[in-house]
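From first to last, the protein sequence lines stand for chains R and Y.
Convert by adding 22 to the 1-based position in the first sequence; the result is the number in the working numbering.
Convert by adding 259 to the 1-based position in the second sequence; the result is the number in the working numbering.
Note that the Cβ used here is the ideal one computed from N, Cα and C, for glycine as well.
This report concerns only the one structure given below.
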Amino acid sequence: FMKYFNVLTGNRVIDNLDLEPILADFKLHLTKKNVAPDIADKIVQSIGTGLEGKKLATFQGVTSVVKQQMEDTITRILTPKRNIDILREVQAVKGKRPYTIVFSGVNGVGKSTNLAKVCYWLTANGYKCMLAACDTFRSGAIEQLKTHADRLNVHLFERGYSKDAASVAQDAIAFAKDTGYDVVLIDTTGRMQNNEPLMKALSKLVNQNNVDLVLFVGEALVGNDGVDQLTKFDKSLSLLANTTQTHIRTIDGIILTKFDTIDDKVGAAISMVYSTGHPIIFLGTGQNYTDLKRMNIKSVVKSLLH
Amino acid sequence: MVLADLGNQLSSALRSLNETTIVNEDTINQLLKEVGNALSKSDVSMSLIIQMRKNIKEKVKLDQMAAGLNKRKIIKQVVFDELIRLLDPGVPLWKPTKGKSNVVMFVGLQGAGKTTSVTKLAYFYKKKGFSTAIVCADTFRAGAFDQVRHNAAKAKIHYYGSETEKDPVVVARTGVDIFKKDGTEIIIVDTSGRHKQDSELFEEMKQIETAVKPDNCIFVMDSSIGQAAYEQATAFRSSVKVGSIIITKMDGNSMGGGAISAVAATNTPIIFIGTGEHLTDLELFDPSTFVSKLLGYGDMKGMLEK
Ligand SMILES: Nc1nc2c(ncn2[C@@H]2O[C@H](COP(=O)(O)OP(=O)(O)OP(=O)(O)O)[C@@H](O)[C@H]2O)c(=O)[nH]1
Ligand SMILES: Nc1nc2c(ncn2[C@@H]2O[C@H](COP(=O)(O)OP(=O)(O)OP(=O)(O)O)[C@@H](O)[C@H]2O)c(=O)[nH]1
Ligand SMILES: [Mg+2]
Ligand SMILES: [Mg+2]
Numbered sequence: 023f024m025k026y027f028n029v030l031t032g033n034r035v036i037d038n039l040d041l042e043p044i045l046a047d048f049k050l051h052l053t054k055k056n057v058a059p060d061i062a063d064k065i066v067q068s069i070g071t072g073l074e075g076k077k078l079a080t081f082q083g084v085t086s087v088v089k090q091q092m093e094d095t096i097t098r099i100l101t102p103k104r105n106i107d108i109l110r111e112v113q114a115v116k117g118k119r120p121y122t123i124v125f126s127g128v129n130g131v132g133k134s135t136n137l138a139k140v141c142y143w144l145t146a147n148g149y150k151c152m153l154a155a156c157d158t159f160r161s162g163a164i165e166q167l168k169t170h171a172d173r174l175n176v177h178l179f180e181r182g183y184s185k186d187a188a189s190v191a192q193d194a195i196a197f198a199k200d201t202g203y204d205v206v207l208i209d210t211t212g213r214m215q216n217n218e219p220l221m222k223a224l225s226k227l228v229n230q231n232n233v234d235l236v237l238f239v240g241e242a243l244v245g246n247d248g249v250d251q252l253t254k255f256d257k258s259l260s261l262l263a264n265t266t267q268t269h270i271r272t273i274d275g276i277i278l279t280k281f282d283t284i285d286d287k288v289g290a291a292i293s294m295v296y297s298t299g300h301p302i303i304f305l306g307t308g309q310n311y312t313d314l315k316r317m318n319i320k321s322v323v324k325s326l327l328h
Numbered sequence: 260m261v262l263a264d265l266g267n268q269l270s271s272a273l274r275s276l277n278e279t280t281i282v283n284e285d286t287i288n289q290l291l292k293e294v295g296n297a298l299s300k301s302d303v304s305m306s307l308i309i310q311m312r313k314n315i316k317e318k319v320k321l322d323q324m325a326a327g328l329n330k331r332k333i334i335k336q337v338v339f340d341e342l343i344r345l346l347d348p349g350v351p352l353w354k355p356t357k358g359k360s361n362v363v364m365f366v367g368l369q370g371a372g373k374t375t376s377v378t379k380l381a382y383f384y385k386k387k388g389f390s391t392a393i394v395c396a397d398t399f400r401a402g403a404f405d406q407v408r409h410n411a412a413k414a415k416i417h418y419y420g421s422e423t424e425k426d427p428v429v430v431a432r433t434g435v436d437i438f439k440k441d442g443t444e445i446i447i448v449d450t451s452g453r454h455k456q457d458s459e460l461f462e463e464m465k466q467i468e469t470a471v472k473p474d475n476c477i478f479v480m481d482s483s484i485g486q487a488a489y490e491q492a493t494a495f496r497s498s499v500k501v502g503s504i505i506i507t508k509m510d511g512n513s514m515g516g517g518a519i520s521a522v523a524a525t526n527t528p529i530i531f532i533g534t535g536e537h538l539t540d541l542e543l544f545d546p547s548t549f550v551s552k553l554l555g556y557g558d559m560k561g562m563l564e565k
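Dropping the structure here:
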């Protein structure tokens, strides 16, 4: 990786010829770390454009300049433009109405498990949570949530299988309001981003109930498909949106799960954030309730560039 | 899906070979770059791609080619052979034997689609006239047994599991013994999701294998997986005797290259692909049909014969 290091030193101007092989190396490196190739390409290109024509300081190799630039660029990509402080948002509406969070994503990524982890975290912060079983499709989904509810000692709102998910969510929120819950955590069915009827159904659930926070749950294992998933979930939320609303509904944030299964192949984090600008709010790092972490940008950048 | 897009990209790379006037080192490098790009966009493992490019380069030694030989044709044939090597390990597909008990054990990463595929496979063999049963040896995941119970009931398939026994090895052994005694022909053992980073979970998997002595061990992989696929597949293969692969969620948009890399990593054939959440969404997979479909989509065969 460092083979170009110190090859070119001295007080001279960086030209394209210097950059090209180094950038190609960096692109390969990023792709190996599971950054989607298209995005790896864009990142190295923007770095190239930024550096071409710049003067090298004495004793500085082009590779080390590129590496520094890469570190800065990726740190910037991963630094959230909009801070989402869930605890503050929950606190702001506490006592007036329940705060509502939807967990969405494709099949098997960890929506239900990480919903339970978020419940554990909110409960530990003193909020009264309720789970809403709006995956009325997948076998065992309700029992899975029931198991978590029992373990976490919280209430599960359910209406059984084959029910309209949006209506179950509506009833759950109404019930939570009457009963004085602070937060409703809404589990949804996994769906493929190219399945239009199912994507519409999700949009209906979100828009009809005007939920406070829509989280996209994606797994760190995902390859090129991750970007497609996220952009399609994003887009689909504006389907069936209430046209009188001032802002178009999108995904608010990402939970990136199974972070414990990828070693240093952390690229999915970069692909997802780069392509949508949505912040990664939590990392899922295991199958227990405490395996929910804030992303440490520095260590992700380190894994990526190592 | 993987076939159409990958096929198109590959054949376009090969087509550009026809458009150049002279075939030299640069032409080949350009071709290899394009083939590599196409494969990396479908999540094929980068180390495999690098290896493949090396193999092709070694086989195509321009300076050693006798004059008058059709260089283009030779180059295409070499690329083509390498692609086939990637897709087809040349190992015969496992088939159950009628009239005796065949034990099949499912393993794979969390959320890959094991439990869903277990029922699909049981149903597939049931339709073929085998007596089939499912053993739920996932005692970890919340609602796992309920998921099996619902699925098995829908498919009218016998099942065994335990509400109280927490040791999956015991459950697996007990279940398999019960069904062996009554002469069930296909006994499918579902296990918890696990990953190579957790050695205890891998140890447990080995113990289940020892307890039930499977005739075939099926590794289930999600088609959207990226660069982590190769290492995970290798780790499963070196812990238990994986004999077949099922690639799931092929109804999504992903290209499946990560999962295909698992074929190369484990030298194991893909036996089925999952194409949806329903009982019948399982398609038999035959590598040679797959390869010829790839040819068909991308019209590579036509290109080759030119
Ligand atoms: N290693 C690891 N496993 C996880 C993590 N999060 C979830 N899982 C596992 O992933 C599997 C699927 O999790 P679920 O929560 O059921 O996923 P889901 O998205 O709700 O699945 P569907 O509802 O079927 O679409 C389970 O085995 C979880 O234990 C994580 O951060 N790390
Ligand atoms: N669209 C689609 N979904 C699938 C397919 N196969 C499985 N799924 C879905 O993927 C999710 C996870 O499937 P499971 O069968 O629970 O996965 P698993 O490997 O048993 O998960 P763990 O036991 O938690 O490790 C569920 O929502 C399934 O319905 C498929 O071929 N297509
Ligand atoms: Mg779920
Ligand atoms: Mg399972």
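Between R/Glu218 and chain Y, the shortest Cβ-Cβ separation is not below 8 Å. Sixteen is the threshold: since fewer than 16 other Cβ atoms of the shown chains lie within 10 Å of the Cβ of Y/His537, the residue is exposed.
Between the alpha carbons of R/Ile302 and Y/Gly370 lies a gap of roughly 21 Å. Within the same chain, and ignoring the five residues on either side of R/Ala242 in sequence, the residues whose Cβ sits closer than 6 Å to its Cβ are Leu278, Lys280, Phe281, Ile284, Ala290. In this structure, R/Asn129 has its CB closer than 7 Å to one or more heavy atoms of ligand 2. Below the 7 Å Cβ cutoff, chain Y contributes Gly402, Asp405 as neighbours of R/Glu165, in chain order.
Taking 8 Å as the threshold, the shortest C-beta distance from Y/Asp540 to chain R does not fall below it. DSSP, reduced to helix, strand and coil, places Y/Ser306 within a helical segment of the structure shown. In terms of side-chain proximity, the C-beta atom of Y/Thr450 is found no nearer than 7 Å to any non-hydrogen atom of ligand 1. For Y/Ser503, the enclosing beta strand (DSSP E) starts and ends at 501-507. Contacts between R/Gly132 and chain Y, judged by CB atoms closer than 7 Å, involve Gly370 in chain order.
Here the residues close to ligand 3, judged by CB distance below 7 Å to any of its heavy atoms, are R/Lys133, R/Ser134, R/Asp157, R/Arg160, R/Ala163, R/Gln166, R/Asp209, R/Gly212 in chain order. In the structure shown, Y/Asn526 falls within a coil segment according to DSSP collapsed to helix, strand and coil.
The Cβ of R/Ile284 sits closer than 8 Å to at least one Cβ of chain Y.
Nearest CB-CB separation between Y/Gly517 and chain R: below the 8 Å threshold. The bridge partners DSSP lists for R/Thr122 are R/Val206. Listed as beta-bridge partners of Y/Ile477 by DSSP are Y/Phe365, Y/Ser503. Within the same chain, Cβ atoms closer than 6 Å to the Cβ of R/Thr145 are found at Cys151, the five residues on either side in sequence being excluded.
Within the stretch 367-429 of chain Y, the runs of alpha helix (DSSP H) that reach at least 4 residues and sit entirely inside it are, in chain order, 373-386, 403-414. Pairing Y/Val362 with Y/Val501 gives a Cβ-Cβ distance that is not under 8 Å. Of all residues in the stretch 122-150 of chain R, only Val128, Asn129, Gly130, Val131, Gly132, Ser134, Thr135, Ala138 place a beta-carbon less than 9 Å from a beta-carbon of chain Y.
The stretch 192-206 of chain R and the stretch 113-121 of chain R touch, with three or more beta-carbon pairs separated by less than 8 Å. Annotation: Y/Gly434 has no Cβ neighbours in chain R at a cutoff of 8 Å; minimum Cβ distance is about 18 Å. Distances between the C-beta of Y/Lys373 and the heavy atoms of ligand 4 include at least one below 7 Å. Collapsing the DSSP output to three states places R/Lys280 in coil.
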